[in-house]
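Protein chains in written order, with my numbering: chain A, 1 to 250; chain B, 1 to 301; chain C, 1 to 323; chain D, 1 to 432.
Following: one structure in structure tokens, then a few remarks.
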Amino acid sequence: MTGRVLMEAKGVDIRFGGVVAAHEINIQIHEGHNLAIIGPNGAGKTTFLNICTGYLKPHSGQIFFDGADVTKLQPRHLVRKGVARAFQIPQLFTEHTVLENLLIAAAAQSRRWAPFVPMQRIPERDMMVELLGMVKCSHIADRPVSELPEGQRKLIDIAIALALKPKLLFMDEPTSGVASSEKFEVLDIIANALTEAKVTAVFVEHDIGIVERFADEVAVWNRGEVTFHGTPGDILSHPDVIRDVIGEEV
Amino acid sequence: MTLQLLALAIFDGVAYAALVFLVAVGLTLTFGVLKVLNIAHGSFYAMGAYITASIGGAIFAAGFSPWLAFPLMLIAGALVGIVVGGPVEKLLLSRIYELEDVLQILVTFAVFLILEDVQRLIWGGQPFFESSALQVLGTVDVFDITYTVYQLILLPMVAISVLVSLRLFLRRTLMGKLILAVTEDREAATSVGINAERVYFVTFVIGASLAAFGGALASATTSVLPGMGADMIVLSFAVVATAGLGRVEGAAVAALLIGLGRSFAVYLWPEIEVLVPYLIMLFVLLIRPEGLFGTTHPRKI
Amino acid sequence: MSLRTFLPAVLVALVAVLPMMAPTTQVLLTLALAKGLPVLGVIVLLHAGQVSFGHALFFGVSAYAAAFLARVYGGGELISMVAVGVLAAVAVGLVVGIFVVRYRHIFFGMLNLAFSMIFFSVLEKFYYLTGGSDGLPVPRPTVAGFDMERAGFETVLFYLTLALCLVAAWATHRFLCSPIGNMMRTIKTNELRLEYLGVSARGVLLVGYLISAVLCGIGGALMAVAQGVVTPEYVWWVRSGEFVFIAILGGSGSVSGAFVGALIYEAVRTYASAFANDIWKMVLGVVLLGVILYAPAGVAGLYAQVMDRCRTRPANKTVDEDQ
Amino acid sequence: MMGIRNIAAALAMTLMAGGAALAADKPADLKVGITAFLSGPASIFGQPAKAAAEMIIKDMNANGGIGGVPVKAYYVDEGAGGEALLAEYRRLVQNVRADVMFASISSGNCNKIAPLAEDLKILNLMWDCGTQRILEEKKYRYVFRTQANAAPEMLATVLYLLKTKPDFKTIAVVNQDYAWGRDSWHIFHTALKAMKPDFKVVAEFFPKFGAPDFSTEISRLQALRPDVIFSTAWGGDLETFVKQASQRGLTRNSTFILPLAESSLQGFGKALGAGHVVGGRGDHYFLHPEKKNNPDFKKFVADFKAKTGAYPIYPVFHMSQALAALKTVYEKAIAANGGEWPSHEQVVDAMPGLTFAGLGRPVTIRSDGQGIEDQLLGTSVVVDGYDFPLMDNMMIFDSDVITTPVGKLSADWLKTLTPAFIDRVPVKTYSR
């Protein structure tokens with residue numbers, strides 16, 4: 001595997017009560033290599049995302065981003081450094097419209113507080129309209145996000161993360177809640193947007209078809225540990241993985 | 001400060017803490033289950049006190065034994081809990097559990113405002129002072145200082161027995177276990193088929209009764225007057241927040257802390273007496289935002 | 001100009017000329033408008049989903065600051081009194097704000113209450129400095145250097161208050177529509193996402209908190225000057241509760257709600273307190289329940305609803321096209 | 001319509017004020033606005049005062065009113081809060097066109113109202129509030145006080161204490177934490193220090209106003225055992241404090257000095273016991289030693305008891321004085337105006353130097369607007385036939401000498417007193 005190391009976890013451990021959610025996790029995330037994380041429910045996949053984005057603090061171990069130790073930073077500090085996140089349950093501003101959600105993100109990204117200028121007039125607006133087009137959501141720009149179906153909410157959630165112009169984007173099950181007939185289409189949209197913005201993605205995914213098509217690397221999680229890590233071709237054909245992870249999925 | 005004064009300050013602090021605990025524990029119990037900070041809790045306290053003082057005054061004047069004050073206090077507590085607290089939960093609070101936090105607080109604030117004037121209309125604006133219960137127990141001299149048995153011995157004993165029986169109730173009885181389950185995780189509890197509505201109702205009535213019972217006990221030691229409910233709700237909140245919202249045993253510790261803090265202030269620096277509960281609360285929250293015994297559950301994302 | 005904006009303009013004009021018709025309403029209107037400002041401050045925080053039960057603190061801090069200024073200089077100047085009041089409110093707002101923005105919901109509300117009660121006690125305790133419960137007199141200040149008789153001064157004060165309210169309403173409206181205003185509003189809906197945008201939710205809430213302190217500050221100083229005296233009553237929890245009440249009554253969704261609510265409240269209070277003093281709190285409680293349960297958007301919300309109906313009724317056909 | 005009428009009225013008033021020499025027409029009635037606490041804790045003062053005002057005005061009007069004009073009273077509740085009070089005050093002066101205002105019970109409210117009355121150019125009689133500052137710190141034309149103020153009240157208390165218990169060594173104070181509690185202790189302490197340098201203050205407690213519980217303070221006082229415990233608390237606070245102190249035996253160990261206890265005697269019941277100093281903010285007592293056999297006085301006390309169920313307390317006396325001042329000043333102004341109904345300004349001019357008598361001894365208004373009202377204190381005693389304590393060993397101090405001289409501040413003047421002052425004050429002593 002080549003490419004610059006963007007993020008690295010070294011010996012990360014975390015426990016909740018008696019449950020080990022992460023144990024001796026050592027993994028590197030390379031620039032330009034989209035990493036899929038697979039594994040059974042409760043394996044600690046989301047916990048890993050939480051640790052990498054600063055939401056949880058590991059009990060031991062360290063997280064590096066761009067070579068700097070970021071273990072103790074808050075999510076907002078990591079976002080400022082270029083680590084964005086999309087959530088399993090879309091985290092949207094439910095009293096705002098789709099475009100407003102993106103405008104808030106854009107304003108946050110460019111640190112444009114402008115206390116007495118209406119948000120609709122900020123210069124980033126054009127860019128956000130364009131971004132909406134990129135994720136094929138232009139037609140719902142003025143709809144309140146609370147009215148949208150889950151699939152569209154997921155897209156908006158990811159669009160918000162993209163509006164932050166990240167170097168690294170974590171996505172927690174980007175296609176869950178999307179009808180299976182649309183999954184590929186949705187992920188195509190996302191993948192295009194990612195490529196266009198030159199963003200490295202790490203995504204948790206259950207659908208092996210999606211993983212095969214979009215991931216450059218795959219890491220397998222089991223009981224808080226990384227059991228396998230390699231190219232999709234190697235990993236997805238490994239008998240243990242087929243038995244423990246993929247078998248369960250099918 | 002001599003050892004004698006230290007002892008005196010502790011006695012005073014404990015007696016005061018006992019009363020505050022009785023009210024605060026009801027508040028924290030209700031909050032734990034309903035997740036609503038009931039500002040009208042202070043009104044229940046005041047009404048318990050008013051009922052005991054006014055009925056007590058009437059029956060003792062008519063020549064009945066002052067010992068009747070004690071059963072009267074229990075009755076007053078239960079009465080307010082069921083007759084006032086019950087309808088408030090059933091008719092009003094049950095309609096607002098889905099509203100935002102802000103509106104929930106405001107609804108209980110509205111109930112508080114209404115009950116304030118209800119008290120004024122029923123009992124008028126002048127203070128009641130009815131201390132037969134306190135007098136009948138007599139006094140006891142400690143270090144040459146006369147204390148009333150009621151404050152020095154009875155109140156702390158009642159507080160301890162309420163704490164113990166509440167623990168037993170919550171851990172040993174079915175209803176108690178249901179209440180604990182709803183306190184821990186409302187969604188999980190309802191998903192396994194617990195009738196949350198009934199649990200809410202019972203908890204609220206118990207909480208209101210405890211407040212009113214606290215008021216009934218307080219009525220023998222203090223004058224009962226308009227505004228006492230407002231003071232008490234703020235003080236109880238200080239106790240509950242210091243302890244951590246929803247913590248029953250913690251409320252006992254926090255009440256003791258605030259009670260002792262207050263009485264030591266009277267001995268050492270009387271001018272800050274009224275500020276002590278807030279200062280303690282601010283100090284604790286500054287260091288532990290979730291309170292002494294509170295826990296934070298990071299949101300699942 | 002549409003009917004929706006025309007009517008409020010008429011209302012403002014009416015308020016502006018009413019004192020010429022009925023001079024005794026002038027002071028009443030001044031007080032109501034001065035009270036509308038802290039209500040606006042409460043509304044700003046309600047947009048972040050937070051309710052403060054202690055905002056009278058900043059109202060009182062400003063009023064006392066103005067009174068102290070007048071005392072130190074043996075009489076004051078109106079503009080400098082308001083300015084000093086606002087500065088004091090901001091300074092205290094910063095100290096208290098840094099602490100309370102760490103908390104949400106009940107804690108936020110009650111900690112604000114605790115701070116206001118501490119200040120209330122301090123005002124009563126430090127009697128020789130603050131005049132205790134009797135408060136401090138606020139001698140009539142000069143206006144731009146001119147000494148004025150009461151009647152003239154009250155007229156000046158009324159129009160100054162009205163002007164400040166209009167400016168404050170406009171500025172607050174712009175703030176709530178601005179990027180940072182929108183960020184503050186997301187604290188109500190999704191603070192986690194806000195943090196994941198790289199923004200400190202506490203920082204944003206602190207900005208809102210300071211703006212609300214400024215609004216309280218303007219109102220407090222004006223009130224002190226209008227009343228001619230400041231007392232610890234300015235900081236009492238009942239007054240904080242009153243601000244919240246008016247905000248809900250008027251409608252927390254819009255800035256106009258603050259002033260509409262304050263005018264209605266003051267008018268009813270003035271005339272009701274004469275006969276219904278004994279059940280005044282009960283009336284407040286019942287109205288509050290009614291508004292929350294049946295008209296959660298308050299008077300301003302009702303107005304918007306009526307306007308919507310007026311607009312859509314003749315144009316029913318076009319509604320479908322919007323869908 | 002309304003607006004025009006108001007403007008016309010305002011113009012008329014301005015003209016009237018300008019042409020003070022013009023005799024005014026006799027009005028249909030003489031409107032008096034009275035502020036008093038009708039709700040809240042201080043309604044224990046306001047309600048009896050209102051009842052007294054109703055009785056006295058009824059009686060006055062039955063006897064021809066004032067100069068043939070009946071008096072009509074408008075009552076305002078001070079308990080509604082400062083803003084409502086000021087709004088209502090303005091309404092009475094500007095819309096109802098009250099001729100005279102009586103305000104108020106609370107010193108805080110007097111502070112708010114005095115400058116307003118001055119600006120509105122309305123005669124305002126401060127009928128009950130105690131703060132000495134208002135008239136000492138500023139010269140008013142329209143504001144007068146028809147009773148004493150805190151300074152002579154506290155000074156008389158000091159004198160009584162020094163005459164009856166000169167050898168005490170230690171003192172503690174338990175006052176309500178608001179302006180009156182702080183101010184009265186300050187005055188008392190200053191005067192006491194000037195006349196008796198050798199005593200020690202062992203504790204100063206200012207529990208908050210309306211405190212329901214004094215247990216901790218009482219424990220502390222029991223440990224300290226002061227000879228004297230001073231408290232200017234009143235109403236529910238005073239009753240609660242005395243009752244809790246009595247339960248814990250504190251009233252047996254220390255002498256209580258209670259300058260406002262006359263208003264709570266009936267509420268104490270058996271709690272206070274004998275031997276404590278009781279005052280009533282003036283020479284006010286329903287068994288006033290010089291008046292108790294006066295038939296008018298006896299009749300008033302009996303009527304008042306019949307009407308309200310209680311004996312009159314000092315606010316009743318204060319109200320009688322304000323109404324007596326009203327009647328007397330109008331009669332004086334009518335006489336000065338050649339029998340014609342006087343203008344408002346003429347009435348105001350007649351106020352300084354006015355002497356009038358309510359239910360107690362006569363009161364005179366000084367040039368600074370302050371009333372000179374004598375002071376009665378006594379020692380509590382338990383007597384058969386009354387289920388509450390009465391007063392014995394009563395002393396009535398002449399107030400000419402104990403009222404702060406015109407133009408001086410009480411805080412400064414009291415410091416200049418010496419122990420010799422004690423015997424210079426004319427005093428009459430009465431036993432029960």
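We put the CB at the ideal spot given by N, CA and C, even for glycine.
- Nearest CB-CB separation between residue 101 of chain C and chain A: not below the 8 Å threshold.
- Excluding the 5 residues flanking it on each side, residue 72 of chain A has same chain C-beta neighbours closer than 8 Å at 57, in chain order.
- The beta carbon of residue 15 of chain B sits closer than 8 Å to some beta carbon of chain D.
- Counted as a single uninterrupted DSSP element, the stretch harbouring residue 245 of chain B is not any alpha helix (DSSP H), since DSSP gives it neither H nor E.
- In the pairwise beta carbon analysis, the stretch 82–93 of chain B is classified as not touching the stretch 271–279 of chain B: fewer than three pairs are separated by under 8 Å.
- Cβ neighbours of residue 86 of chain C within its own chain (closer than 8 Å, five residues either side excluded): 62, 214, 217, 218 and 221.
- Judged by DSSP in its simplified three-state form, residue 225 of chain B adopts coil rather than helix or strand.
- According to DSSP, residue 60 of chain A shares a beta bridge with A:13.
- A residue is called buried when at least 16 other Cβ atoms come within 10 angstroms of its Cβ; residue 294 of chain D does not meet this threshold and is exposed.
- For the stretch 274–357 of chain D, the continuous beta strand (DSSP E) assignments of 3+ residues that do not extend past its boundaries occur at 277–279, in sequence order.
- Only those residues of the stretch 231–242 of chain B whose C-beta falls short of 9 Å from the nearest C-beta of chain D are listed: 231.
- Those residues of the stretch 135–169 of chain B placed with their C-beta closer than 8 Å to a C-beta in chain C do not exist.
- For the 8 Å CB-CB criterion, residue 318 of chain D and residue 147 of chain D form a contact.
- Scanning chain B for C-beta atoms nearer than 8 Å to the C-beta of residue 205 of chain D yields 266 and 270, reported in chain order.
- Measuring C-alpha to C-alpha distances from residue 110 of chain A to each of A:97, A:95 and A:127 identifies A:127 as the nearest.
- DSSP, reduced to helix, strand and coil, places residue 121 of chain D outside both helices and strands of the structure shown, so it counts as coil.
- When C-beta distances to chain D are compared with 7 Å, the residues of the stretch 132–144 of chain C below that value are 132, 133, 134, 135 and 137, in chain order.
- In the pairwise beta carbon analysis, the stretch 183–191 of chain C is classified as not touching the stretch 54–71 of chain C: fewer than three pairs are separated by under 8 Å.
- Residue contact check for residue 28 of chain C against chain D: a CB pair falls below 8 Å.
- A straight-line Cα-Cα distance of about 12 Å links residue 310 of chain D and residue 388 of chain D.
- Counting only Cβ-Cβ distances below 9 Å, residue 181 of chain D has no contacts in chain B at all, with the closest Cβ about 13 Å away.
- Under the Cβ criterion of 8 Å, residue 184 of chain C is not counted among the residues facing chain B.
- Shown in chain order are the members of the stretch 278–302 of chain C whose Cβ falls below 7 Å from a Cβ of chain D: 278.
- At a cut-off of 8 Å between C-beta atoms, residue 340 of chain D does not count as an interface residue with respect to chain C.
- Residue 54 of chain C has its alpha-carbon roughly 5 Å from the corresponding atom of residue 240 of chain C.
- Note on geometry: alpha-carbon atoms of residue 418 of chain D and residue 150 of chain D lie some 19 Å from one another.
- With fewer than 16 neighbouring CB atoms inside 10 Å of its own CB, residue 98 of chain C falls in the exposed class.
- Within the stretch 77–88 of chain D, the residues whose Cβ lies closer than 8 Å to any Cβ of chain C are, in chain order, 77, 79, 80, 81, 82, 83, 84, 86, 87 and 88.
- Contact fails between the stretch 217–227 of chain D and the stretch 229–237 of chain B, because fewer than three Cβ pairs, one in each stretch, are under 8 Å apart.
- Identification of chain C residues near residue 119 of chain A by a Cβ-Cβ cut-off of 7 Å yields 177, 178, 179 and 182, ordered along the chain.
- The residue among B:124, B:103, B:209 and B:248 with its C-alpha nearest the C-alpha of residue 171 of chain B is B:248.
- For residue 230 of chain D, the enclosing beta strand (DSSP E) starts and ends at 228–230.
- Against chain B, the beta carbon of residue 105 of chain C has neighbours under 7 Å at 101, listed in chain order.
- In this structure the stretch 226–244 of chain D lies against the stretch 204–218 of chain D, because at least three pairs of beta carbons, one per stretch, are closer than 8 Å.
- When the Cα atoms are used, residue 85 of chain D and residue 39 of chain D turn out to be separated by approximately 13 Å.
- Among the residues facing chain B, residue 315 of chain D is not included, as its CB has no counterpart in that chain under 8 Å away.
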